[in-house]
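Here the structure comes first, spelled out in structure tokens, and everything after it is commentary.
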Amino acid sequence: MSEYERERHRTTGDWDERKLIEGIIGEKSIYKYRADVPPEPGSPQTKAKRLRLVVNLSASMYRFNGVDNRLERQCECVLMFLESLAGFEHKFTYDIVGHSGDEHSIELIRDEHESMAESKSINRLLVSNIRDESKQMLTPISGYERELLLSTQEDHPAV
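Positions in the sequence shown are counted from 1; adding 8 to them yields the numbering used here.
The structure is reproduced here in structure tokens:
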């Protein structure tokens with residue numbers, strides 16, 4: 009059970025017995041209510057912190073990767089982010105989303121995952137998803153057209 013304290017001198021809540029005289033003479037702040045005690049600075053954290061990593065999946069990331077390796081460096085940063093959270097799954101929940109010129113939130117990893125940094129195959133899959141998404145942005149189709157194209161491919165798979 010969490011610790012709590014009574015906050016006094018309130019205008020609503022439970023009646024404060026110590027304010028009987030003030031209530032008789034017309035004082036308004038004669039109530040108290042139960043409030044949670046804020047954690048002490050430096051005390052252990054009880055809830056997981058929420059982190060969201062946003063990566064650039066625009067076509068320029070793929071197009072200019074040969075010039076300055078921007079896509080490769082971004083993939084390395086994402087992997088370093090995942091490796092830095094290894095062993096701290098109880099302290100942090102995270103998800104990774106991408107943005108491009110057409111779409112503002114492309115989900116790469118949701119927060120319902122277990123230890124992502126330990127699985128090299130999942131990391132390879134994540135990096136390939138980042139590369140594929142930025143490569144797909146090279147084609148001049150909108151997000152709606154892309155969803156329509158993907159849904160028709162699922163309905164009629166290639167033979």
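Glycine included, C-beta positions come from ideal geometry on N, C-alpha and C.
Please report the distance separating the alpha-carbon of residue i from that of residue j.
| i | j | result |
| --- | --- | --- |
| Leu-79 | Arg-139 | 7 Å |
| Tyr-41 | Glu-25 | 12 Å |
| Ala-125 | Leu-93 | Residue placement at Ala-125 is flagged as unreliable, the pLDDT there being 47, under the threshold of 50; the coordinate-derived value follows with that caveat. Cα to Cα, Ala-125 sits roughly 7 Å from Leu-93. |
| Glu-13 | Ile-33 | 27 Å |
| Ala-43 | Glu-15 | 7 Å |
| Asp-110 | His-98 | 35 Å |
| Phe-187 | Pro-46 | This structure cannot speak to residue 187, because the chain is shown only from 9 to 167. |
| Gly-74 | Pro-52 | 46 Å |
| Arg-71 | Gln-82 | 14 Å |
| Arg-18 | Glu-48 | 24 Å |
| Ser-68 | Gly-50 | 44 Å |
Could you give the DSSP three-state label for residue i: helix, strand or coil?
| i | result |
| --- | --- |
| Gly-106 | strand |
| Leu-93 | coil |
| Glu-115 | strand |
Using the beta-carbon count (16 or more within 10 Å), is residue i buried or exposed?
| i | result |
| --- | --- |
| Glu-11 | exposed |
| Val-63 | buried |
| Leu-59 | exposed |
| Leu-133 | exposed |
| Leu-28 | exposed |
Is the distance from the Cβ of residue i to the Cβ of residue j below 7 Å?
| i | j | result |
| --- | --- | --- |
| Glu-141 | Gly-106 | yes |
| Leu-61 | Ser-108 | no |
| Phe-96 | Ala-56 | no |
| Ile-117 | Asp-103 | yes |
| Thr-54 | Tyr-39 | no |
| Leu-87 | Asn-137 | no |
Run through the region 10-77 for me and flag every whole alpha helix (DSSP H) of 4 or more residues, listed as ranges in chain order. 28-32, 67-71, 73-76
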